[in-house]
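Engineer: The structure is given below, and queries will be raised subsequently.
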Amino acid sequence: MKRSNVFLALAMSFLVFSCKTTTDKTTKQDGNSSINDTSITFTEWLKNPKPLISAHRGGPYSGYPENAIETFDHVNQFSPVVIETDISMTKDSVLVMMHDNTLERTTNGKGAVKKATYQELQKLSLVDNDGKVTSYKIPTLDEVLAWGKGKVLFTLDVKRGVPFEKVLDAVEKHNAESYAAIITYRMQDAEKVYKLNDKAMISISLGDDGAIKQFNKSGIPAKNVLAFVGTREPQKSHYAKLKELGVKTILGTLGNLDKSAVAKGNDSVYLNYVQNGADIIATDRPLEVSAVLAK
Numbered sequence: 001m002k003r004s005n006v007f008l009a010l011a012m013s014f015l016v017f018s019c020k021t022t023t024d025k026t027t028k029q030d031g032n033s034s035i036n037d038t039s040i041t042f043t044e045w046l047k048n049p050k051p052l053i054s055a056h057r058g059g060p061y062s063g064y065p066e067n068a069i070e071t072f073d074h075v076n077q078f079s080p081v082v083i084e085t086d087i088s089m090t091k092d093s094v095l096v097m098m099h100d101n102t103l104e105r106t107t108n109g110k111g112a113v114k115k116a117t118y119q120e121l122q123k124l125s126l127v128d129n130d131g132k133v134t135s136y137k138i139p140t141l142d143e144v145l146a147w148g149k150g151k152v153l154f155t156l157d158v159k160r161g162v163p164f165e166k167v168l169d170a171v172e173k174h175n176a177e178s179y180a181a182i183i184t185y186r187m188q189d190a191e192k193v194y195k196l197n198d199k200a201m202i203s204i205s206l207g208d209d210g211a212i213k214q215f216n217k218s219g220i221p222a223k224n225v226l227a228f229v230g231t232r233e234p235q236k237s238h239y240a241k242l243k244e245l246g247v248k249t250i251l252g253t254l255g256n257l258d259k260s261a262v263a264k265g266n267d268s269v270y271l272n273y274v275q276n277g278a279d280i281i282a283t284d285r286p287l288e289v290s291a292v293l294a295k
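First residue of the sequence shown? That's 1 in the UniProt record's numbering, and the numbers climb one at a time after it.
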């Protein structure tokens, strides 16, 4: 694809999402929205895919801690994004949004998440990446799915020990199969998710030929799959193999590729990633990447 065509595709992508963004800016944070609840879905995107930005851990910035609904809302006002967020489980089996096994880094509390009840967690406040205590609380998966319907797409990172069955129960409760994808790291987990719900969108790690061979044997339809190709840019030939299968791709620039762009002062590299074959850029810098792709 020529660079001019990439710019055209990106411009069209932002035009499509512009009406949504305008509406979201006038929407209260309680999740009530006047937009059509089915306006943003993986199903619709797959019909005419445009490059998307995925905000890793929801896109934390100063004053906006990771995995908070307020952070999701902040990022979504400036960029059409996929929200990547993490699911942990409390002592009393409530699904909450938390990356770490312990509370120290992201809250003003201490101890293991799995040893605290939901009510105990609600007494805590989330802390941003600068260590500032905010007024924001740890949200539940139910709250997140209710807030995001019609606004964003999700990729849900299910932390170790959290049952896929319980996560899928919440997804089904909110009819969220069309806008919330389940992240898996092993093919057997992807197969399990598909067996539990054949409407589920599934992010599968397909970074090499061996993983692609496993996928081909899995019986999971391409329309259900987002292929995570890793945190290093693959060869164009690898993208071509996945596109031949009809699978859309996620490149994780979070970590080293993001840091390299900052160190070199070269944010235009994100355009190259899209041109080379990435359908979704998963980044720790969603606002910066959005600004580059919108030029």
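Think of the CB as a built atom: it goes at the ideal place given N, C-alpha and C, for glycine as much as any other residue.
With a CB to CB cut of under 6 angstroms and the five nearest residues on each side skipped, what residues in its chain are close to I83?
Structural biologist: One-based indexing of the sequence shown puts residue 83 at position 83. Cβ neighbours of I83 beyond the five flanking positions: A55, G58, F72, V152, F154.
Engineer: Counting C-beta neighbours from all protein chains within 10 Å, is the total for E70 16 or more, i.e. buried, or is it exposed?
Structural biologist: As a working mapping, residue 70 is identified with position 70 in the sequence shown. With 16 or more other Cβ atoms within 10 Å, it is buried.
Engineer: Provide the residue span of the alpha helix (DSSP H) that contains S79, from first to last.
Structural biologist: For the purposes of this step, residue 79 is taken as residue 79 along the sequence shown, with counting starting at 1. Looking at the DSSP string, S79 is not in any alpha helix (DSSP H), and its letter there is neither H nor E.
Engineer: What separation, rounded to the nearest whole angstrom, lies between the Cα atoms of residue 364 and K132?
Structural biologist: Since the first residue shown for the chain is 1 and the last is 295, residue 364 is missing from the structure and cannot be characterised.
Engineer: Do you know offhand how far A227's Cα is from A68's?
Structural biologist: As a working note, residue 227 is residue 227 in the sequence shown. As a working note, residue 68 is residue 68 in the sequence shown. Between A227 and A68, the C-alpha separation is close to 26 angstroms.
Engineer: For Y179 and L103, what's the separation of their Cα atoms in angstroms?
Structural biologist: The sequence position of residue 179 within the sequence shown is 179, counting from 1. The sequence position of residue 103 within the sequence shown is 103, counting from 1. Distance between the alpha carbons of Y179 and L103: 28 angstroms.
Engineer: Rounded to a whole number of angstroms, what is the C-alpha to C-alpha distance between K28 and W147?
Structural biologist: As a working note, residue 28 is residue 28 in the sequence shown. As a working note, residue 147 is residue 147 in the sequence shown. Model confidence at K28 stands at a pLDDT of 35, short of 50, so the residue's coordinates are unreliable and nothing is read from them.
Engineer: Are the Cβ atoms of residue 365 and N175 separated by less than 7 angstroms?
Structural biologist: The requested residue 365 is not part of the displayed model; the chain covers only 1 to 295.
Engineer: Taking the beta strand (DSSP E) that V94 belongs to, which residues open and close that run?
Structural biologist: Mapped onto the sequence shown, residue 94 falls at position 94. Taken as a continuous stretch (DSSP letters only), V94 belongs to no beta strand (DSSP E), as it is neither H nor E.
Engineer: Using the rule of at least 16 other Cβ atoms within 10 Å of the residue's Cβ for burial, across every protein chain shown, is D30 buried or exposed?
Structural biologist: Here residue 30 corresponds to residue number 30 of the sequence shown, with the count starting at 1. Interpretation of D30 is limited by its pLDDT of 37, a score under 50 that renders its predicted location unreliable; no figure is taken from the coordinates.
Engineer: Would a C-beta distance cut-off of 7 angstroms place K199 and E177 closer than the cut-off?
Structural biologist: Counted from its first residue, the sequence shown places residue 199 at position 199. Counted from its first residue, the sequence shown places residue 177 at position 177. Contact flag set, yes.
Engineer: How about V127 and P65: are their beta carbons less than 7 angstroms apart?
Structural biologist: Position 127 of the sequence shown, counting from 1, holds the residue named residue 127. Position 65 of the sequence shown, counting from 1, holds the residue named residue 65. Contact: yes.
Engineer: Sorted by chain position, which residues of the same chain lie with C-beta nearer than 7 angstroms to K159's C-beta, five sequence neighbours on each side aside?
Structural biologist: In the sequence shown, the residue the question calls residue 159 occupies position 159. D86, I87, S88.
Engineer: Name the DSSP bridge partner or partners of G252?
Structural biologist: Position 252 of the sequence shown, counting from 1, holds the residue named residue 252. Looking at the DSSP assignment, G252 forms a beta bridge with A282.
Engineer: Pairing CB atoms from the region 243-257 with CB atoms from the region 266-286, are three or more of them under 8 angstroms?
Structural biologist: The region 243-257, when compared against the region 266-286, does touch it at the 8 angstroms Cβ threshold.
Engineer: Taking the alpha-carbon of L95 as reference, which of V171, K149, Y61 has the nearest alpha-carbon?
Structural biologist: For the purposes of this step, residue 95 is taken as residue 95 along the sequence shown, with counting starting at 1. The shortest Cα separation from L95 among V171, K149, Y61 belongs to V171.
Engineer: In this structure, does DSSP put A181 in helix, strand or coil?
Structural biologist: Counted from its first residue, the sequence shown places residue 181 at position 181. Strand.
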